[in-house]
Amino acid sequence: MIDNNDFSLIIKTHAGLEQLLASEVAAAGGRDVLVLVRAVRCQADIATMYRINYTCRMALRVLQLVAEFQVNDENELYREINKLNWPDIFPLEGTFAINANVSRSQMTHAQYVALEAKDAVVDKFREVVGSRPNVDINDPDMRIHIHISGSQGMVLLDSSGDSLHKRGYRRGQGLAPISEVLAAGMVLLSGWDAATDLLDPMCGTGTILCEAAMIAQKMPSGYFRKKFGFMSWLDFQPELWKQIVETENARIIPAQCRLYGADVNQRVLNQADEVLQNTGFDKIIILKQVAFENSSPPSDQPGTIITNPPYGERIQKTDLNDFYRMIGDVLKKKFAGYTAWLITSDFGALKSVGLRTSRKITLYNGPLECRFVQYQMYRGSRKGGEVSDE
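Residues 208 to 597 (the numbering used here) make up the sequence shown, in order.
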């Protein structure tokens with residue numbers, strides 16, 4: 208059995224969000240926090256693992272390390288995985304699935320590694336209890352991750368289950384969605400203080416707005432989720448989990464700001480409105496159908512704009528450069544005093560904005576390398592930053 212008071216976690220995230228995640232993990236009680244590529248490693252106890260799953264907005268998966276070993280071939284892999292007493296980890300009636308990731312190894316086929324690992328788990332069950340659990344690749348009770356890099360092997364248990372970007376507040380995805388984790392990361396990276404108004408003038412189904420609403424209310428990222436992977440583990444402690452949820456929920460506060468969303472597409476606004484009605488966010492998020500070129504500030508007090516405008520990979524557009532040039536013109540003419548943030552993977556179109564960037568951050572929207580850029584829309588003639596380009 209794993210020592211519930213001291214074990215290693217590897218928490219996955221998107222590239223560019225690692226430092227934000229490290230801060231969240233430390234705040235949740237993680238010890239000896241180490242920043243990796245697209246991940247953070249820390250020492251934790253079971254309460255900390257529960258808390259990271261429930262509160263860390265930058266986390267995609269929280270993986271508990273149960274074995275680390277040298278491995279050079281399939282036979283060694285089988286032996287190391289078969290050493291673990293799997294019937295002590297999840298029940299016979301539970302289903303499982305194995306995900307394998309292999310790099311720089313003599314074992315080049317991840318699918319074959321997954322099959323070897325599956326056999327090792329099944330054979331251990333047969334040896335100990337005389338029967339075997341079933342595999343369910345779609346919705347397993349236990350997700351087991353095998354990571355092999357060179358001759359280094361790891362076995363990790365997925366305490367999250369479904370990816371944590373699935374917050375639980377959305378039934379489906381609209382056209383060209385942005386990950387909830389990335390959206391939350393953009394809000395945090397922007398430095399928005401949650402006291403001034405925030406506007407997403409091309410909001411689509413409202414992901415950036417929903418994440419901003421949760422941040423403004425100090426609402427845990429897992430607040431709307433009903434299920435986490437660790438709930439199917441034999442060592443699940445429901446009373447401890449209940450205590451953590453109640454403690455974190457007690458930190459929720461009323462929002463001190465208004466959030467505004469607009470889009471030209473009424474269909475996606477209807478999807479966004481359904482989420483707002485289901486979550487109660489309709490009390491602080493106001494939606495309006497309007498094209499960006501016809502938009503205007505929602506109040507007299509300047510605020511922050513964070514938006515994910517259309518770009519080539521998402522939507523067909525005859526002249527994307529003209530569209531981005533229009534974005535720059537509207538920001539300059541109508542949004543003086545605002546701080547505006549755009550994310551795009553179309554670096555050529557970004558040059559057409561024609562404004563000076565104050566900051567530029569590399570992020571990833573799925574496989575797409577993006578730039579998250581800031582424009583300070585100073586009142587009057589003040590200028591600064593660098594020309595919007597690559």
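For each residue, glycine too, the CB sits at the ideal point set by N, CA and C.
In whole angstroms, what is the alpha-carbon distance linking residue i and residue j?
i: Phe214; j: Leu371; result: 21 Å
i: Ser559; j: Arg566; result: 17 Å
i: Ile491; j: Phe530; result: 30 Å
i: Phe488; j: Pro384; result: 19 Å
i: Glu387; j: Gln424; result: 16 Å
i: Asp553; j: Val394; result: 20 Å
i: Lys219; j: Ala304; result: 18 Å
i: Thr551; j: Gln581; result: 12 Å
i: Leu364; j: His316; result: 21 Å
i: Ile534; j: Phe431; result: 34 Å
i: Gln271; j: Gln444; result: 16 Å
i: Glu481; j: Arg378; result: 9 Å
i: Thr486; j: Val471; result: 23 Å
i: Cys313; j: Arg339; result: The sequence shown places Gln at residue 313, rather than the Cys named in the question. Approximately 30 Å between the Cα atoms of the pair.
i: Leu527; j: Pro517; result: 8 Å
i: Tyr257; j: Phe276; result: 26 Å
i: Thr403; j: Pro574; result: 32 Å
i: Leu416; j: Leu466; result: 7 Å
i: Phe499; j: Asn477; result: 18 Å
i: Leu224; j: Ala234; result: 16 Å
i: Thr412; j: Ile296; result: 39 Å
Of all Cβ atoms in chain C, is any one closer than 9 Å to the Cβ of residue i?
i: Pro384; result: In the displayed structure, chain C is absent; only one protein chain is listed.
Going along the chain, which residues of its own chain have a beta-carbon closer than 8 Å to the beta-carbon of residue i, five neighbours each way excluded?
i: Gly591; result: Unreliable positioning characterises Gly591 in this predicted model, as indicated by a pLDDT of 44, which lies under 50. The coordinate reading is nonetheless provided below. Counting only Cβ-Cβ distances below 8 Å, and skipping sequence neighbours, we find Arg563, Ser565, Gln583 and Tyr585.
i: Ala254; result: Gly236, Leu447 and Ile451
i: Ser588; result: Caution is warranted here: a pLDDT of 43 is assigned to Ser588, below 50, making its placement in the model unreliable, and the coordinate value is therefore given only provisionally. Closer than 8 Å at the Cβ level, and outside the excluded window around Ser588, lies no residue.
i: Arg532; result: Ser559, Val560 and Gly561
i: Ala556; result: Tyr518, Gly519, Leu527, Asn528, Phe530 and Tyr531
Output the boundary residues of the beta strand (DSSP E) element that contains residue i.
i: Glu300; result: Run containing Glu300: none; DSSP gives neither H nor E here.
i: Ser356; result: Met349 to Ser356
i: Met361; result: Gln359 to Asp365
i: Asp210; result: Where Asp210 is concerned, there is no enclosing beta strand (DSSP E), given that its DSSP letter is neither H nor E.
i: Asn472; result: Here Asn472 belongs to no beta strand (DSSP E), and DSSP marks it neither H nor E.
i: Phe499; result: Per DSSP, Phe499 belongs to no beta strand (DSSP E) and is neither H nor E.
i: Ala274; result: Arg268 to Gln277
i: Val240; result: Arg238 to Leu243
i: Thr546; result: Thr546 to Thr551
i: Phe214; result: Phe214 to Lys219
i: Ile512; result: Thr511 to Thr514
i: Leu405; result: Leu405 to Asp407
Quick check on the burial criterion: 16 or more other C-beta atoms within 10 angstroms. Buried or exposed for residue i?
i: Gly600; result: No statement about residue 600 is possible, as the shown extent of the chain runs from 208 to 597 and does not include it.
i: Arg350; result: buried
i: Leu357; result: Inspection of the sequence shows that residue 357 is occupied by Gly rather than by Leu. Exposed.
i: Lys331; result: buried
i: Thr454; result: exposed
i: Glu287; result: buried
i: Ala420; result: buried
i: Val244; result: exposed
i: Gly392; result: buried
i: Glu418; result: buried
i: Val342; result: exposed
i: Asn282; result: exposed
Tell me where the alpha helix (DSSP H) around residue i begins and ends.
i: Val580; result: Unbroken run through Val580 is the beta strand (DSSP E), Leu575 to Gln583; no alpha helix (DSSP H).
i: Gln318; result: Ala317 to Val336
i: Asp252; result: That residue, Asp252, is in no alpha helix (DSSP H); it is neither H nor E in DSSP.
i: Arg289; result: The residue you asked about is not Arg; residue 289 is Asn in the sequence shown. First-last of the alpha helix (DSSP H) with Asn289: Glu281 to Lys290.
i: Asp529; result: Leu527 to Lys541
i: Ser230; result: Glu225 to Ala234
i: Ala457; result: Where Ala457 is concerned, there is no enclosing alpha helix (DSSP H), given that its DSSP letter is neither H nor E.
i: Thr569; result: Looking at the DSSP string, Thr569 is not in any alpha helix (DSSP H); the run it does join, the beta strand (DSSP E), is Arg566 to Asn572.
i: Leu557; result: Phe554 to Lys558
I think residue i touches residue j, with their Cβ atoms under 8 Å apart; what is that distance to the nearest whole Å?
i: Ala479; j: Gly468; result: 6 Å
i: Ala407; j: Ile568; result: Inspection of the sequence shows that residue 407 is occupied by Asp rather than by Ala. About 18 Å separates the two Cβ atoms, so there is no contact after all.
i: Gly360; j: Val278; result: 4 Å
i: Ser502; j: Val537; result: 7 Å
i: Val269; j: Ser366; result: 5 Å
i: Val309; j: Ile355; result: 5 Å
i: Cys464; j: Ala547; result: So it is not a contact: roughly 17 Å between Cβ atoms.
i: Ala307; j: Ala327; result: Ala307 to Ala327, Cβ: 12 Å. No contact.
Return the chain-ordered list of same chain residues with a C-beta closer than 7 Å to the C-beta of residue i, the five sequence neighbours on each side being excluded.
i: Pro298; result: Leu441
i: Lys434; result: Gly368
i: Leu389; result: His221, Leu570 and Asn572
i: Asn211; result: Asp252, Ile253 and Asp442
i: Val232; result: Ile218, Val240, Val247, Cys249, Ile259 and Cys263
i: Gly544; result: Pro509, Met584 and Arg586
i: Tyr261; result: Pro427, Gly429, Ile451, Val452 and Glu455
i: Met438; result: none
i: Lys495; result: Ala469
i: Phe579; result: Met393, Leu396, Trp548, Ile550, Ile568 and Leu570
What does a CB cutoff of less than 6 Å around residue i pick up in its chain, not counting 5 residues either side in sequence?
i: Ala462; result: Ala423, Gln424 and Ile491
i: Pro347; result: Thr302, Phe303 and Ala304
i: Leu284; result: Val278 and Glu323
With a threshold of 8 Å, establish whether the CB of residue i neighbours any heavy atom of the ligand SAM.
i: Met421; result: This structure does not include the ligand SAM; it has no bound ligands of any sort.
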